[in-house]
Structures are given as structure tokens and as C-alpha cells.
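Taking my numbering, I'd label the letters of the sequence shown as residues 666 to 1777. Backbone N, C-alpha and C define an ideal beta-carbon position, used for all residues, glycine too. Structure, as C-alpha cells:
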Amino acid sequence: MNRKFNLSVFALTLVLAFAGIVFGQETRGSIEGTVKDSQQALVPGANVEIKGKTVGLTRNVTSDNEGRYVAQQLPPGVYIVTASTKDLGAAPQEVTVTIGNATTLDFNLVVKSQISTVDVVADNTVIDTTEAKAQTNITSQQIEKLPKGTTFSSLLRTEVSTRAEGLAGGFQINGGSGAENSFMVDGQEVGNFRTGALNSNNDIPYQAVQEVQVKSSGFEAEFGGATGGVISVVTKSGTNDFRGEFQMAFQSQKLNAGPRPVLANSFTGSTTTVGGVGNQFVNSGQYVEYFGQKRDSGTNVFPTASLGGPIVKDKLWFYAIYSPQIFQVTRTTTYMTGFPSTTTPNARRLINSGDFATTLPDIVRNVNPIQTADAKQTNEYAMFKLDASPTQSLRLSASYTWNPIVQKGLLLGGTTVLGTPGFANFGGSLGYLVGADLAARQGGRQNSNNLKTEATWIANSKTIVGIRYSRGFLNEKLGSYFIPDSPRIRCRSVAAALAASAGCVTGFQTNTNNFTITKDVSTRSTIDADVSYTLSNFLGKHDFKFGYQFSKISNDVKDGYRNTGIVSLCYSTTLTINSVCGGYQAPVTVTPDPVPPAGQTMIGIGWVQRFATDGKASNTAQTFYAQDKWQPTSRLTLTLGLRTEKEDLPAFNGQQTNLKFGFGEKLAPRLGASYALTGDGKTKIAAFYGWFYDRLKFELPRGSFGGDFFRRDVFPIYSGTAAFTNYTLATIIGNYSDPIGGQCPIAQTTAYLTRCNSDFRVPSNLGVAGGGAVDPNLKPFRQSEFTFEFQRELMKNSILTARYLYRNVDHAVEDAGWISASGSETYIIANPGEGLHAQRLRELGYSKSVKPQRLYKALQLEYNSRLLNNFSFNLNYTYSSLYGNYSGLASSDENGRLSPGVNRFFDLPWVGWTASGRPDNGKLATDRPHVFKASGTYTFNWWKSKVHSTDLTFFTTAQSGTPITTFVDVFGLLIPETARGDKGRTPLFTQTDFSLTHKYRFGRDNRFGIAFDLNILNMFNEANVLSVDNTKTNESWYIVDYSSVAGDYVAATNALQNGGVLNVLNSETSLAGCQAYSGSAAAGNFCLNQSYLRPNGYQGPRTVRFGFRFFF
């Protein structure tokens, strides 16, 4: 779009609005209805008083000429509502207001002398016939009763569209990955600036939560930055009554079920080591086994103290809570080395995993030192909140949250592991610290705090104005204590004859970790405001809302090991500079061969990896939106919205970036319609169509605009300097200049040893020859959505919903590239398969390219019954399909990797294809065709009294397994072998959770109470398989190298795309092929991964948490 159009859009929306929200400011609900007399005549001018029971607020509104009243912008909670005129009145009604919903409450007035003085719970209309969106509200009453963990996110799984999926990187909502949701607490965005996922710091304790809302589809124009769902949390507030709670809960490891076993494949790097279990392992250099894990000791403690009440009654209220979560674990770790040749048995046992039964026999190993480590992590949470209502037309609110995470000590790993304890050399008086001595000093602190202020002004009966300022701070430094700032040198393989001169043996290393974190500070500041206006009698009724938001995100980061490096050394006189060492080799042929100094010989090769993220950058974003909820008739409602955004991504290298989207490039229409089929409001149909854009995450500019530095250098080892201590950055890199894009081969010189420098982070914003670029016609990430819904109230407070949902990713934004002449990876920030990316591939000679696809289709059925005769329940079923070659901003092909825009999708021209030569479109890794969920609560009032009550609640689910796709190593990257889902699915996933709460109330009006709470997750301790090792080839070796197919990457890729490389793959992974590859007739089939298709991930074990509360 040109500049004039952008300015026109800006000017138009500025006229329409002076306030707004980018992620949605919706933290309120409303009450509306009609006032009639006993003859059913409309009553204008009636006074309707709304008084908070669990909220500090009193509001009076007046019915209009048609007897209708509306009270908007009400905080969620329970209210007592009355209506009256001079002579008429009605009994008080108790209603619950939820976020984003209009609670309908009608009154029939009678003579005041006939009014009951007892509050009754209103029989609210269950169906909102004016909405086309799909949302679920979990109220404080439900939160208290549902089986749950210790934070609000543990409640989300009960929602029909939401699943916790590890492969999706978090919560998957209607096909969207875990990086595509928007998380808000009291209207403040708290998702991670870099990944989009929910930070643990902001996964706040459920005790502080008044309500959780999940918008899963069809949401209005005020909500953006989410192609998954919008999760809103509203915290509790003070009221006119002093209310508090003091709780202590415990989770003892003794009550939990034991941990799951761990699959281990011991890759020795050897092709001739004799041993193993069964002939298939002999001389393969692999030993596949399961390490049984023992139960830890320790008790997690969850104290809570909260208090709220009036400072000035009816005017000013406070709420304060302190609820830390303290996790304490003591674990004894047994280290094992060697292979089956000794007499000490390990802890491995038979594992039965349904279709993946594993029947490997026990073997024996050497037992190294047994060490015990203590670890303590405290997730702090403290909040103080003020709410004020100086007048009925003005409400003010401010809150401050302090929520750091503090680690003291780290665990050593599992209870049984293969290897030796970690260690580090700090020099001086500390020297070497090993195992538990080192772990006791390690840990970290992740500081975090949030500040929010807001105001809501009811200008008149038709106009409401809201404004908010918020600021969030986060410094991600977990695991940063006691990490040595020194080289990490690893002897990956050492021939016995060279061990003395090398000074090390295979497996030796100087440190086990040198990744240091100096800082990773992010701040997000926003100024949000909105204006709502109600217009009646203009072609019906209109509820307008307009908005604007300004947001600024900043990041200041310094971490990694650029100045120290990780050095891998391989000693053998048979190695050449182009051989594989420790799973890596020069990406292009290095010529000529190194010439050793006079009197010396080449006795091995090595490579050094340097990585760091360093820089400071910030960006700004602005959003305008306008929406109209238009009711042309009493039964028909049209929700018409338009959203537009302007944003840019910053550069960390001081260069300008042209990754910017103007207002005209992110126009998002949101169009909904709902119709009440019956006049009683008990049947509704609704439809919605809209566009949704992603809000760009910082992972992309950190990786592609100069934040990340990632190099690998290959070098020779000479006999005159054989000792491992000689190989530091000073000798390997020396004064080499690290040119952008790398250099391979490098001419031999005495100034440094490196012969091949590969650059894996070529900045895409430099515009250098042969480097990356940003497509000047880049389209933003966009998803289109269509829904159709039918709802029917079947009986009192029970509703049946049927919903069809269609979601399609129209354009994706990814780094997509190719291998440069020097062997480095060069990327364009592009819409893969389109524009500059497709053009550049054609220019380089690649014959084909693929476009991203993610298509989600679902049919949802839900039956929800609210509390009736002490029983409530919810049943829902989803039949769905998730199809394509692209899982979204988190990669399900990479175990849920959270690197939005820079995952491995489309990185190189053969990614997106199978080894058989077909595009790899198919059922994606988190596709579950059938998902059933059920939950229910029964409240038993002992002796028909509310003094003693017991709540029994369950949640259960049964879900299809996920597709298992065989991946193979082709040209250095894993791609599907033949088709997605070629090995079927994991077994059915089932789980049942249970909670029990018993309350005893006492004192005047039963004001005081004590309670016992019990939560059991995975009550039957099911151990369903969640994942298997789906890599067929041995990742320690390059199997199908491009040179096995053609002379360069272009020709090899074209061959793959036009017939496949299965013949080469099958040949090279056969026993004869492996022996030829290694040059040893004694070698076993080391080319294949012997743990292929064995389970490597299981459902978590049963956990039990219990506690006691005193409340008033």
C-alpha cells in the first residue's frame, strides 16, 4: 500500500476514535434487561440498583422509554440487583457477571408491600442471542471446585477448544500453536515478548483469580495478536465487607506416583564397538535401554494469605494477596558408565506401553559415584490492588504485582543416568566443582513485576470511556549462577594410541556448560483507551466501540559463549579435514588438504562452535479498531468490526530494517451475525467470518537482524600441538575477521587454524551480496476463519451447542533460505514459496518450492448444564482435522520448539519435501481427530444445611493419539521419509482428575469457615505414550549427504524433488552401505537409529495435593 493510502486510513480511524486496545481491554461484563409491571406493560424511568456482593461497586441506572436498562463495564463477580419506582418494586435478584457477556435480568414490578425481602438467585437466560463469538467463562465458584494444579493455566484444559500439547509448545486452541495465543491479566498482555508463550512468572496462582475467560473463535475487532485464542484473567478485588483467606497446601513426593522411565540410546561414535543386546546392536555403537527412575523426596508447599475490604466504604477498596509456590526436591542420582561387560545391574526393567511394548532384557553396567542434590524453586507472587469509585460515573483501579522466580540449587538429572556428573573449573581456591557440589551453588533469579492503572468514566447513559496504562518487566536469568566463563573443550573420540599425546580420552571435557547469561531484560509499556457509545432508534440499536493503543517493547540481552566457545576434538590418523567429527563436518569440501608444519603430521580434526545473543532494541506498534453491535430487529444482531495495525520489528545490529507493516497492510474485518430463531431466546444460530493477524515476536529479529551470532569453524590437529589444551579460540580463530556469510574453504595460514568458517546467522537486514534480505512485498501472517453455530436451551439452565469451525493460514512469515557457496545458511524473511523467496530459488537453479499450509476444520458438540439440584456438568466432543506442512509459530516437528518465524520450516529448499520426492503435506503432529471431555460437580449439603457441605468434582478426557511420522537425515536436515503419519498414531490418551472440598461454616450468618481441599491429577496413574523416537537414521552421522546424490545442493535438491532419494537412503543405511561408509567390514548398522519407534515420552504420573483453609 502506498503512503497516501496509509495516511488516509490513519486519518479516518483517528476521526472515529481517540482510544482503544490492541489485545483487547475486555475485563468487564454487563447486566441488561427490561422492566415491566404486573400487567406486562413496559415501565420507563424505573431505577435499577446494581450492588456488588463480591465486588466493591454500586451503580444505578434508569430504564428508557421502552423499559430497557443497561449497566455496562461491570467487573466480574456476584451482584444484588433491584428495580423500583415510587410505588412499585421487585425482590432483589442475585446474578453473576462474567467477562465479555451480557447477563440478562428482567423485572416484573409489583406493589412494594408484596415484595419478598429474601434475595433469590436469578434464573438468567442461558443463551446470549446477540453474540457470534465462542467463549468460555470459568467463574470463581468453578475455579474453587474444579480439579486443578496451582495456577490458572491448569484450568484451561476444561475448555472445549483448548488442549495442552507439548508438541505445540503450550496450549493449542482450534489448531493454533502454543505461540499464537494472547494471555492477559486484568487487561495487561503478559505473553513472552520473544516466543508468545505464557511466562511461568505470570501463570498466577488460582487463589488470586476472580475469573478466567477463553475466547476461542469469532472474537471482535478489539482483539488482535492471536491466531489461536485469547485467554483473559481477572484478579479479585476488595468489597464493602472485609474478606480474607489463609491457606496452606502440600504436595508430598511420597503421595505422588513414581516417575516414568527414560529412553536412552548410548551413541559411542564408534562403528566397531562390540556388544549390545541382540544382534541388531552389535558393532552399531549404540545401546538402547530404559532407565527406571526412582521417587524423589521432598514436599512442595503452597501458602496463601489474602485480605480485601473497604478503606472508605462505597468509595475505596483494597485487595492484597501473597501466594508463593515453593517446590523442594531432593534427588539421588546414580551415574552409569561402560557397556554390558560388568556385573553391576542397572535399574532398567520391562516396560509395557500398549502398541509400543518394549521387551529389552536387563543388562549390566559400571556404577559411578551416587550423588544427592537439593533443589528449591520459589515462584513468588504478591499483588496489591486498589479500586475506587469517587462517583457512580467514575471507577479507578491500580495494581502492582511482584512475581520473580528464585532458584536455589539445581538437580543433577534423573535418578538413573548414563554418564558422569557435571563439573566446572573455576580456578583459584574453588578449582573444580563436581556434581552435587556444583549443583548446590547453581540456580538463578528471574525478576518480574507488573504495574497497571486504569479508569472508566460513564460520561452519560450512552457513552463510556476507558483508559489504561501498564508496564511489565522481565529479566530471564534462570540457571545463570555459577556457570564458568571459560572454554569448553570436548574430546569426542580419541584413538588409544593418541591418548597420551592428546592428554584426554574419549568423553573427556573441561566443563559441562559455559553458556553464561549476563542479562535478558524485556519491558512492555502500553497506553490503551476505548470509547463506547450506544445509539438507539437509528435503524435499530447500535453499540459502538472505538479504540487505539500504543505499545512499546524493548529488549536488552547479553548471553552465550562467543568469547569462549565449545571445542570438539577427534583424534585419529585416518581422519581428513572433510571427515565427520562429533556429528559435524564441513558443509562444503575443504581443499587443498592441510599441510602440517615441518616434522609434524595431521592426527585429527576439530571444530569450534561460538554462539551468543547480544544487543539492545525496541519496537512500537499502534492499533485502531471500530466495531458495531447492531440490532436492526429484536432477533437479529450483526457484529461488524474492522481492525488495523501498524508495527515494525527492530534490528539488534544497529542497521535499519524494512520489516514494517503499515495500517493498510493489516486490515482485519470481523463480521458476525446471530439470530434468535424463537421469541423466547432459547434457540440461536450464528455465523462469523474474519481475518486474524499475528503480532510479530522478537525471536525473529534476535535471530535474523543481528542479535544472534552463530559460527562453526573446522580445523586440523597436528602432532606437534596434540594436547587438547592447545585448542582455544586464540589458536583456532586468532585474528580471523569472521566475514558475514562465512568462508569455506579458507586458505591455510600460520595466523589461525580454521579452514572452514560457517555462518548460521547471516543477518537478513544487511543487504550484502549473497546475503539475506527482507522481501519488500512481504505479507503479514494472516489466518482466515469461518464459523457457524447452533445453540438451544434444552431444559432449565442447560444448553446444547453445535459449532463448525474452519481456519486456514493464508500467509506465513518465516526465514526461508539456501546454502551459500561457502556452506553457510542464508535466509530471506519471506512468505515461503512466494515473492522474493520463490524468485531467488529460481535464480539459483532450484526447480520447485512449497508454500506453508495449515488447515483446521472441526465440528464441536457441547452440552453444558449449570447448577441444578446441586449438580452441574459439561460434556463436549470435537471431531477435527489438522492438515498441512506447517504447524505455525511453534514447531510440532521439532518437539514444540518456540521460535516464531525462525523455526526449521522452509529453512532450506528441500525442507517441505519427503525423501520420496513428494511435498510433505499431511496430518500434522498434533492432529487428534476425536477429543471427548467431561466434568461435573455434585454438592452435598449435610443434614440439608449449608453449614456442612462437600463438593465432589471430576474431569475426564479421552483423545485420539497423534500421528507418528518417520524422519530421516537428508542433506543434514531431518525430513519425513515417505509421508506424514506413515507409522500410525500414538495410543489413545485418557486421564481422570478428581477434587474434593469440604467446608464447615460458623459464626453469625455463617460468615466464617474452614475447608479441606484435595486435588488428584491423573487419579488412575495412567502412563499413556505421548511420543516415540521417530528418527530412523543415526543423527551422529551424515547419512544421505548431498554429494551422494549430485555435485551440489541445487542439483541434489532438484533430484529429490523429482523422484526422491529413497534409493540412496536405503542403500546407505543398509548394513553393506554402512560398512562401505565406515571403511570397516566389521561395522554394524550404525547408520540406523536403534531406538527408532520406541516410546520416549509418557503421561505424567499421579500427583496429590491437599490443604486447609480458613476464610471469612
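Best match in the options for proximity to residue i [C-alpha to C-alpha]
i       : options                            : result
Phe983  : Asn1539, Asn965, Ser1600, Asn905   : Asn905
Phe992  : Gln951, Ile976, Lys1041, Tyr1000   : Lys1041
Ser1485 : Asn1541, Leu1361, Phe858, Gly1406  : Gly1406
Gly909  : Ala1341, Arg1507, Asp1585, Gly973  : Gly973
Arg996  : Ile838, Lys1598, Phe1571, Thr1081  : Thr1081
Pro1584 : Trp1575, Gln951, Ala1124, Val1567  : Trp1575
Leu1314 : Asn1728, Gly1566, Thr1698, Arg1672 : Gly1566
Ala886  : Pro1381, Gln1292, Phe1203          : Gln1292
Ser1233 : Arg1153, Gln1287, Phe1203, Val899  : Arg1153
Pro1055 : Ile1218, Ala985, Ile976            : Ile976
Thr815  : Val1196, Asn867, Phe836            : Asn867
Gln806  : Gln872, Ser865, Asn839             : Gln872
Neighbourhood of residue i by C-beta distance below 6 Å, restricted to the same chain and skipping five residues each side
i       : result
Ala609  : Here the chain covers residues 666 to 1777 and nothing more, so residue 609 does not appear.
Asn1281 : For the sequence presented, residue 1281 should be read as Lys rather than Asn. Here the set comprises Asp1221.
Ala642  : One cannot answer for residue 642 here, as it falls past the ends of the chain, which runs 666 to 1777.
Lys1444 : His1476, Asn1496
Arg733  : Thr699
Leu1540 : Tyr1528, Ala1599
Asn1719 : Ser1512
Thr1238 : Ile1268
Secondary structure of residue i, DSSP reduced to three states
i       : result
Gln1265 : coil
Arg808  : Reading off the sequence shown, one finds Ile at residue 808, where the question assumed Arg. Three-state result, Ile808: helix.
Leu1076 : coil
Asp1658 : strand
Ser1058 : coil
Gly1407 : coil
Ala706  : coil
Ile1397 : helix
Asp788  : At Asp788, the pLDDT of 48 sits below 50, so the modelled position is not reliable; the number obtained from the coordinates is stated separately. The answer is coil: DSSP assigns Asp788 none of H, G, I, E or B.
Arg1759 : coil
Lys1609 : helix
Thr1386 : helix
Arg1767 : coil
Cys617  : No information on residue 617 is available, as it lies outside the stretch 666 to 1777 that the chain covers here.
Own chain residues within Cβ distance below 7 Å of residue i, not counting five before or after
i       : result
Arg1426 : Gly1368, Asp1373, Phe1374, Phe1375
Phe1771 : Ala914, Phe915, Asp1678, Leu1679
Val994  : Asp961, Gly963, Ala1040, Leu1076
Gly1765 : Asn1683
Per DSSP, cross-strand counterpart(s) of residue i
i       : result
Asn1044 : Gln990, Ile1070
Lys880  : Gln800, Val895
Trp1578 : Val1576, Pro1584
Phe836  : Ala829
Cys1752 : Looking at the DSSP assignment, Cys1752 forms no beta bridge with any residue, so it has no partner.
Asn1541 : Glu1527, Lys1598
Thr995  : Ser962, Asp1039
Ser847  : Val895
Chain-order list of residues whose beta-carbon lies under 8 Å from that of residue i (same chain, five-residue window excluded)
i       : result
Glu1733 : Ile1704, Val1705, Ser1709, Cys1739, Tyr1742, Cys1752
Thr1491 : Gly1406, Val1427, Gly1435, Gly1436, Gly1437, Gly1482, Trp1483, Ile1484, Ser1485
Any chain C beta carbon closer than 8 Å to residue i
i       : result
Ser1600 : In the displayed structure, chain C is absent; only one protein chain is listed.
Would you call the stretch 698–708 and the stretch 762–781 in contact, with 3 or more CB pairs under 8 Å?
yes
Using 8 Å as the threshold, is the stretch 875–882 in touch with the stretch 1590–1598, meaning 3 or more CB pairs across them?
no
Would you check if the stretch 1327–1343 and the stretch 1301–1311 touch, i.e. whether three or more CB-CB distances between them fall below 8 Å?
Yes, since at least three Cβ pairs between the stretch 1301–1311 and the stretch 1327–1343 fall closer than 8 Å, the two stretches touch.
Are the stretch 748–767 and the stretch 794–806 in contact at 8 Å, needing three or more beta carbon pairs?
yes
Count the CB pairs spanning the stretch 1453–1471 and the stretch 1517–1534 that are closer than 8 Å, and state whether there are at least three.
yes
Three or more C-beta pairs below 8 Å linking the stretch 1503–1522 and the stretch 772–781:
Short answer: they don't touch.
Give a yes or no on contact between the stretch 1605–1613 and the stretch 1626–1643, applying the rule of three or more CB pairs nearer than 8 Å.
no
Across the stretch 1234–1250 and the stretch 1348–1362, are there enough close Cβ pairs to call them in contact, namely three or more that are closer than 8 Å?
no
Segment contact flag, the stretch 1544–1557 with the stretch 820–837, C-beta cutoff 8 Å, min 3 pairs:
yes
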